[in-house]
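S.K.:
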Amino acid sequence: MTHIADNHDALLDYLYEEGDPAERLQIAKHLQECAACSVAVLEFQNVRGMLRGWTPPGSALGFRVVQDGAFSPTNVGLPTPSATVEQGARRGTWPAWLLSTSQRRSWRQAAAAALLFVAGMAVSQLTVRYEDGRVVLSGRSAGPAVNARASSITLLPQAASDVTSPNSGVTLQPAPADRDPMDTEVLLQRVRSMIDQSEQRQQRELALRLSQVTREVDTQHQADLLRIQQDFGHQQEATMDYLVRTSGGAK
Amino acid sequence: MTTMAAAIPITRTDEDLVARSKTGDTESFNQLIKRWERPIFALAYRTLGREEDARDVTQETFLRAFRALSGFKGDAKFSSWLYRIALNLCRDWMRKERRAPLVAVPEGVEMEDLAAERGPTETVEDLAARAELGREVAKAMEFLPVEQRQAIILKEYHGLTFQEIADLMRCPLSTVKTRVYQGLATLRKQLGEQLTPRRES
């Protein structure tokens, strides 16, 4: 029989148990006698064993066909442009219309913007002041909950006759341009500076703690050295005493 | 007896569901999707190497199948027809994107997936080793031309016969065997370091 290592068809049939069973039996007998072919088969089997270790991610799929219009037997066979394959909301996945690459990118950007917005509202502080009969939230003192509402609500001022009353109209405006909390760049800078400050503070605390530990270790070290010296001195004295005693006794 | 028979859910064949879908029963087609979306996704993922791309291709495969359902005469199995659509889409996708397959497997996600299916005796270390092995295999697969890659994927992971692969890829049986053999030989070379300790052990 020819070597199986040189006969690719036979090798594959043997590996995947296809082809003629009698032929596979012959190959099996040949492998018992031929070391070179046995090694070749073993290597391919090992490769196959490794391939089994490659598993795709367990993504939630749950696609479904959704049709906008009615699908009657009369129009079977015609393309249905209104049909879409959507992904179900199993395990909190996004619907299919979010799945195209460009759309996903847009939504990621929107989500990032929303996060920045929320962060900005939390970081920035608004002040409440009265201006021409309006209540203006624009500065740095109101709480975050008020800020969040302030950004999205604008009530127009009422008639001029109400100007005298501070409660006559309410306008919730964003802060002036020079202190605009919506400015993402400013917000980013603020967040970055806060993070920097936090890191610096942590580094200072760490350095302080380290220096304290170092001092404590040094102090302990000095105390230990002193005690060793004292012990050593006592030992020396005891030895001298012993020597004096023994030498006196010998005399 | 009748009550008991009614309580047992009826598992319809692909052919039956296809026939019903052709009459406008969208729910039957959704059952076909449910049955075949995971293998199609796996095929696309292993070919393209990107989870998001694989999901897009899976979605597009079923949409095309739905739209072309009236043209499906039933000469081949529905699954074979579906596989062919997916294979062509993967090939087009790679050409269109003009990029080689990329293995971008988030470590944590893969570990989670593996953990979900781990055996009772499998430790965390075993899982990590399996995840690492998967990455090595995926990297080695990148060296294969798309035809070899697809032939091996269909053979190894989808259990198709060489003849079925030949029918799907519309090429002679000998071509499929050559592709699988050459692909395995390349993988053996690429995975050589990992194979050595196995041989020794």
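Chains A and B, in that order, give the protein sequences. Heads up: the first sequence begins at 17 in the working numbering, then just goes up one per residue. Heads up: the second sequence begins at 1494 in the working numbering, then just goes up one per residue. In this text, a Cβ means the ideal position worked out from N, Cα and C, and glycines have one as well.
Under the assumption that Phe1571 (chain B) contacts Glu1508 (chain B) (Cβ atoms under 8 Å), give the Cβ distance between them as a whole number of angstroms.
M.R.: 7 Å
S.K.: Ile1646 (chain B) and Thr1540 (chain B) look like a contact to me (Cβ under 8 Å); what is the Cβ gap, rounded to whole Å?
M.R.: 6 Å
S.K.: Please classify Thr230 (chain A) as buried or exposed, where buried requires at least 16 neighbouring CB atoms within 10 angstroms.
M.R.: exposed
S.K.: Grab me the residues of Ser181 (chain A)'s own chain with a C-beta within less than 6 Å of its C-beta, minus the 5 sequence neighbours each way, in chain order.
M.R.: Only weak support exists for where Ser181 (chain A) lies, its pLDDT of 35 falling under 50; the value from the coordinates is given anyway. So no residue of the chain qualifies.
S.K.: Would you please state the rounded distance, in angstroms, between the beta carbons of Ala26 (chain A) and Ile43 (chain A)? I believe it to be under 8 Å.
M.R.: Rounded to whole angstroms, the Cβ separation of Ala26 (chain A) and Ile43 (chain A) is 6 Å, and the two are in contact under 8 Å.
S.K.: Let's test the definition: count the other Cβ atoms within 10 Å of the Cβ of Ala175 (chain A) and tell me whether it reaches 16, buried, or not, exposed.
M.R.: Reliability fails at Ala175 (chain A), whose pLDDT of 34 lies under 50, so the model's placement of it is uncertain and no value is given.
S.K.: Using a Cβ-Cβ distance cut-off of 8 Å, determine whether Thr230 (chain A) contacts chain B.
M.R.: With respect to chain B, the C-beta atom of Thr230 (chain A) has no partner C-beta closer than 8 Å.
S.K.: Over the uninterrupted alpha helix (DSSP H) stretch that includes Phe1555 (chain B), give me the two end residues.
M.R.: 1544-1560
S.K.: Could you have a look at Leu80 (chain A) and say whether DSSP puts it in helix, strand or coil?
M.R.: Here residue 80 (chain A) is Arg; the residue named in the question, Leu, does not match the sequence. Reduced to three states, the DSSP call for Arg80 (chain A) is strand.
S.K.: Using a Cβ cut-off of 7 Å, which residues of the segment 34-55 of chain A contact any Cβ in chain B, in chain order?
M.R.: Cβ contacts with chain B: Glu34.
S.K.: Could you name the residues of the segment 1649-1660 of chain B whose beta carbon sits closer than 7 Å to any beta carbon of chain A, in the order they occur along the chain?
M.R.: Glu1649, Thr1654, Phe1655
S.K.: Is it the case that the Cβ atoms of Phe60 (chain A) and Leu31 (chain A) are separated by a distance below 8 Å?
M.R.: Yes; because the gap between Cβ atoms is below 8 Å, this pair is in contact.
S.K.: Rounding to the nearest angstrom, what Cα-Cα distance links Ala1512 (chain B) and Val63 (chain A) in this structure?
M.R.: 41 Å
S.K.: Skipping 5 residues on each side, what residues in its chain have a beta carbon closer than 7 Å to that of Tyr1538 (chain B)?
M.R.: Glu1544, Ala1547
S.K.: With distances taken from CA atoms, which of B:Lys1682, B:Leu1661, B:Leu1684, B:Gln1675 is nearest Asp1568 (chain B)?
M.R.: B:Leu1661
S.K.: Would you please verify whether the beta carbon of Phe248 (chain A) is less than 8 Å from any beta carbon of chain B?
M.R.: Closer than 8 Å: no.
S.K.: Measure from the alpha carbon of His1453 (chain B) to the alpha carbon of each residue in B:Leu1666, B:Pro1532, B:Thr1504, then state which is nearest.
M.R.: No answer is possible for residue 1453 (chain B): the residues shown for chain B start at 1494 and end at 1694.
S.K.: Taking Cβ to Cβ, would you say Ala1579 (chain B) is nearer than 8 Å to Leu1637 (chain B)?
M.R.: no
S.K.: Take Glu39 (chain A) and list the residues in its own chain whose beta-carbon comes closer than 6 Å to its own, dropping the five residues that flank it on each side.
M.R.: none
S.K.: Starting from the C-beta of Leu1730 (chain B), find all residues in its chain whose C-beta is less than 8 Å away, skip the five residues before and the five after it, and write them out in chain order.
M.R.: As shown, chain B starts at 1494 and ends at 1694. That puts residue 1730 (chain B) outside it, with no answer to give.
S.K.: Specify, as a first and last residue, the run of the alpha helix (DSSP H) that Gly65 (chain A) falls within.
M.R.: Counting along the chain, the alpha helix (DSSP H) containing Gly65 (chain A) begins and ends at 51-67.
S.K.: Going straight from the alpha carbon of Asp1518 (chain B) to that of Thr1504 (chain B), what length do you get?
M.R.: Near 16 Å, if we compare the C-alpha coordinates of Thr1504 (chain B) and Asp1518 (chain B).
S.K.: Show which residues of chain B have a CB atom less than 7 Å away from the CB atom of Asp269 (chain A).
M.R.: This structure cannot speak to residue 269 (chain A), because chain A is shown only from 17 to 267.
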